[in-house]
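Peer 1: Residue numbers 1 to 274, in this note's numbering, belong to the letters of the sequence shown in order.
Below is the structure I would like to discuss, written out as structure tokens.
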Amino acid sequence: MTGGSLDTLDAYHVGTNFLGDSLVIPRTTFLKLMTRLYELNEEVRAGRMEPRIDESIPLPPPRLDPMEELGPRWSDDEVEELESLAERLDELDPLTSRLGDSSSDAARSVANRRAFLFSMLEVADLRTRRGEDDLPGRFRELGLLRLQAYDEALRALRAYLQDPERVQMLATFSAPSAQAACSPAAVATAVERPFTTGLSVDLFRLPRPAHPPELSLHAWLAVCEGAFFHDPFYSQGHPHTAGDQFTRLRGHTVRLRYRPEYSETPRLWRVELE
1 MTGGSLDTLD AYHVGTNFLG DSLVIPRTTF LKLMTRLYEL NEEVRAGRME
51 PRIDESIPLP PPRLDPMEEL GPRWSDDEVE ELESLAERLD ELDPLTSRLG
101 DSSSDAARSV ANRRAFLFSM LEVADLRTRR GEDDLPGRFR ELGLLRLQAY
151 DEALRALRAY LQDPERVQML ATFSAPSAQA ACSPAAVATA VERPFTTGLS
201 VDLFRLPRPA HPPELSLHAW LAVCEGAFFH DPFYSQGHPH TAGDQFTRLR
251 GHTVRLRYRP EYSETPRLWR VELE
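As structure tokens, this is what we get:
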């Protein structure tokens with residue numbers, strides 16, 4: 001089917017819920033297939049494509065929203081596997097000064113790992129807020145340092161999102177989107193679902209970036225957030241790939257680093273004074 005011989009040491013055994021038979025697929029073919037599936041999923045989520053299936057094919061039951069049905073409590077082994085994923089992600093994608101590149105197979109692999117990790121962190125946060133589990137407590141009990149760092153960063157992100165200094169700074173941008181982001185309802189929604197905002201949890205997990213001495217860290221981040229997302233002079237419709245924007249803000253040269261994480265929305269994950 002693929003036009004080549006199968007390397008049994010470099011293949012995936014794949015099953016589905018709509019085929020009776022399983023498939024053995026070469027790795028390169030499997031990566032192409034999954035890449036296309038991710039692309040189609042994003043097209044549907046962005047409203048550019050209607051999800052339709054041939055009516056002759058019986059449809060499976062509707063997929064439940066993972067935010068509504070979270071499944072059974074995670075075991076310690078599953079939580080430790082999440083820590084291993086976070087550790088491996090840091091090994092594969094250390095903080096460096098290289099420019100963002102999402103075109104290589106390695107970059108796509110890292111992006112997929114990050115998407116899965118961050119979606120699981122969102123579920124962990126929701127479980128904790130619902131009182132169904134205490135994931136931060138379990139991170140501490142099990143000595144999972146990277147997951148503890150993510151939890152601390154998430155709390156720092158929430159503190160920033162509801163800081164009056166951020167709201168005041170965003171209010172200085174005249175764009176309607178900036179004014180909407182300043183509303184009490186928007187702030188409450190952002191605090192409730194921080195993973196859906198344009199700011200990455202890594203903005204607060206990685207080593208703290210330098211900021212101009214005349215501004216607090218939160219005020220400076222709000223300047224960068226406002227310029228990146230709300231100022232038409234700076235924001236020119238960022239592509240849905242990892243990238244870098246070099247510009248001047250308040251008399252300072254700054255590098256804004258962005259990337260999609262588990263949706264096509266570009267997220268600001270690093271702000272660096274040049």
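Glycine included, every Cβ here is placed at the ideal spot set by N, Cα and C.
Being a predicted model, the structure only gives us computed values, none of them experimental.
Please report the residue range of the beta strand (DSSP E) in which A11 lies.
Peer 2: Per DSSP, A11 belongs to the beta strand (DSSP E) from A11 to V14.
Peer 1: Taking the beta strand (DSSP E) that R255 belongs to, which residues open and close that run?
Peer 2: Annotation for R255: the continuous beta strand (DSSP E) segment containing it runs H252 to P260.
Peer 1: Any chance the region 193-203 sits against the region 166-180, with 3 or more Cβ pairs inside 8 Å?
Peer 2: no
Peer 1: Exposed or buried, E78, counting other C-beta atoms within 10 Å across all chains shown (16 or more means buried)?
Peer 2: exposed
Peer 1: Leaving aside the five residues before and after R45 along the sequence, list all residues of the same chain whose C-beta is less than 8 Å from its C-beta, in chain order.
Peer 2: S263 and E264
Peer 1: Which same chain residues end up closer than 6 Å to T253 when comparing Cβ atoms and leaving out the 5 residues on each side of it in sequence?
Peer 2: Excluding positions up to five away in sequence, the list reads E274.
Peer 1: Just mark W269 as buried or exposed, buried being the case when its beta carbon has 16 or more other beta carbons within 10 Å.
Peer 2: W269 comes out buried.
Peer 1: Thinking C-beta only, is H211 closer than 9 Å to W220?
Peer 2: yes
Peer 1: Using 10 angstroms around the beta-carbon of Q162, count the other beta-carbons present and answer buried if the total reaches 16, otherwise exposed.
Peer 2: The residue in question, Q162, is exposed, as its Cβ has fewer than 16 Cβ neighbours within 10 Å.
Peer 1: Keeping to the same chain, check which residues put their C-beta closer than 6 Å to that of E43; ignore five residues upstream and five downstream.
Peer 2: M49
Peer 1: Is it true that the CB of R205 sits closer than 9 Å to the CB of E152?
Peer 2: Yes, the Cβ-Cβ distance between E152 and R205 is below 9 Å.
Peer 1: Starting from the C-beta of R158, find all residues in its chain whose C-beta is less than 8 Å away, skip the five residues before and the five after it, and write them out in chain order.
Peer 2: V191 and P194
Peer 1: Would you mind sorting D101 into buried or exposed? The rule is 16 or more other CB atoms within 10 Å of its CB.
Peer 2: So D101 ends up on the exposed side.
Peer 1: In the DSSP assignment, the beta strand (DSSP E) including D151 goes from what residue to what residue?
Peer 2: Not the beta strand (DSSP E): D151 falls in the alpha helix (DSSP H), residues L145 to L161.
Peer 1: Can you give me the Cβ contacts of L64 inside the same chain, cut-off strictly under 7 Å, excluding the 5 residues immediately before and after it?
Peer 2: With a pLDDT of 43 at L64, under the threshold of 50, the modelled position of that residue is not reliable, and no figure is offered here.
Peer 1: At the level of alpha carbons, what is the spacing between F246 and L99?
Peer 2: 11 Å
Peer 1: Here's the rule I'm using: 16 or more other beta-carbon atoms within 10 Å means buried, otherwise exposed. How should D125 be labelled?
Peer 2: buried
Peer 1: Determine the direct distance from the alpha carbon of D105 to that of H155, and round the result to whole angstroms.
Peer 2: According to the sequence shown, residue 155 is Arg rather than His. Approximately 33 Å, taken between the alpha carbons.
Peer 1: Is the beta carbon of L135 less than 9 Å from the beta carbon of W74?
Peer 2: yes
Peer 1: With burial defined as no fewer than 16 other Cβ atoms inside 10 Å of the residue's Cβ, what is the status of P60: buried or exposed?
Peer 2: Residue placement at P60 is flagged as unreliable, the pLDDT there being 49, under the threshold of 50; the coordinate-derived value follows with that caveat. By the neighbour-count rule (16 or more Cβ atoms within 10 Å), P60 is not buried but exposed.
Peer 1: Find the nearest neighbour of V167 within the set V223, R88 and Y258, judged by alpha-carbon distance.
Peer 2: V223
Peer 1: With distances taken Cα to Cα, identify the nearest neighbour of A178 among V14, L249, R250 and E225.
Peer 2: E225
Peer 1: If you drop the 5 nearest sequence neighbours on each side, which residues of the same chain put their C-beta closer than 7 Å to that of F139?
Peer 2: Excluding sequence neighbours, F139 sits near L147, Q148 and D151.
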